[in-house]
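All residue numbers for the sequence shown refer to this note's numbering, where the first residue is 12 and numbers rise by one. Comments concern the structure below.
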Amino acid sequence: MSLTRRNVLGIGCMAAAAGLFGLTACSGAAPAAPARTRLFEVMRSDAQWREQLSPAQYAVLRGKSTERAFTSPLNSEHRRGTFVCAGCALPLFSSATKFDSGTGWPSFWAPLHDAIGEDRDTTFGMVRVEAHCRRCGGHLGHVFNDGPRPTGLRYCMNGVAMNFVAA
């Protein structure tokens with residue numbers, strides 16, 4: 012078979028389609044949230060979660076969505092107190108560990124003891140550490156290694172996933 016422009020174009024299109032299919036198959040959204048299949052101290056039906064949470068809270072806590080940057084009132088919360096899970100009220104972070112990361116989401120350099128569970132998150136073609144409430148499994152955000160001392164960690168949380176309780 013001689014290579015004509017038409018053959019080269021056809022082979023190129025087939026290779027591109029195969030590559031696109033491969034990327035889509037490998038980097039698509041993760042399967043159903045592991046938090047849903049595990050047992051947590053606080054378990055509710057989907058209908059109960061929808062009744063308890065606002066649509067935005069449900070999308071983040073139960074659907075692993077992300078709120079838009081710079082939209083959470085918790086970004087400007089500077090009083091002494093505790094940030095608690097919006098799903099089950101478990102205390103998650105002390106205001107003493109909150110810092111302004113400039114990312115648009117409430118950020119902390121450490122959670123409270125035994126408050127956060129972590130999972131590997133491979134959505135969007137990257138590997139990240141997902142942070143969830145250890146009591147109800149609600150998605151909170153992600154953990155990154157670019158935070159301040161003493162931990163060097165940045166817990167980048169969705170504000171809608173938390174409530175603030177002043178001291």
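Every residue gets a Cβ at the ideal spot worked out from N, C-alpha and C, and that includes glycine.
Excluding its 5 nearest sequence neighbours in each direction, asparagine 169 has C-beta neighbours in its own chain below 7 Å: Val71, Thr77, Glu78, Trp116, Leu151 and Gly152, listed in chain order. Boundaries for glutamate 141: no alpha helix (DSSP H) harbours it, while the beta strand (DSSP E) harbouring it runs 139-144, taken from the DSSP string. Pairing glycine 149 with valine 171, the inter-Cα distance amounts to about 11 Å.
Annotated three-state conformation of glutamate 78 is coil, per DSSP.
About 16 Å separates the Cβ atoms of tryptophan 120 and arginine 91, ruling out a contact at the 8 Å cut-off. Distance from the Cα of valine 154 is smallest, within the candidate group Val140, Cys144, Gln68 and Arg160, for Val140.
Secondary structure at alanine 58: helix, using DSSP grouped into helix, strand and coil. DSSP places glycine 170 in the helix class (H, G or I) of the three-state scheme. Where leucine 72 is concerned, the enclosing alpha helix (DSSP H) starts and stops at 66-72.
Shortest Cα-Cα distance from alanine 100 to any of Asn156, Arg49 and Val53 involves Val53. Taking the Cα of aspartate 132 as reference, the smallest distance to any Cα among Arg73, Ala142, Asn86 and Leu123 is reached at Ala142.
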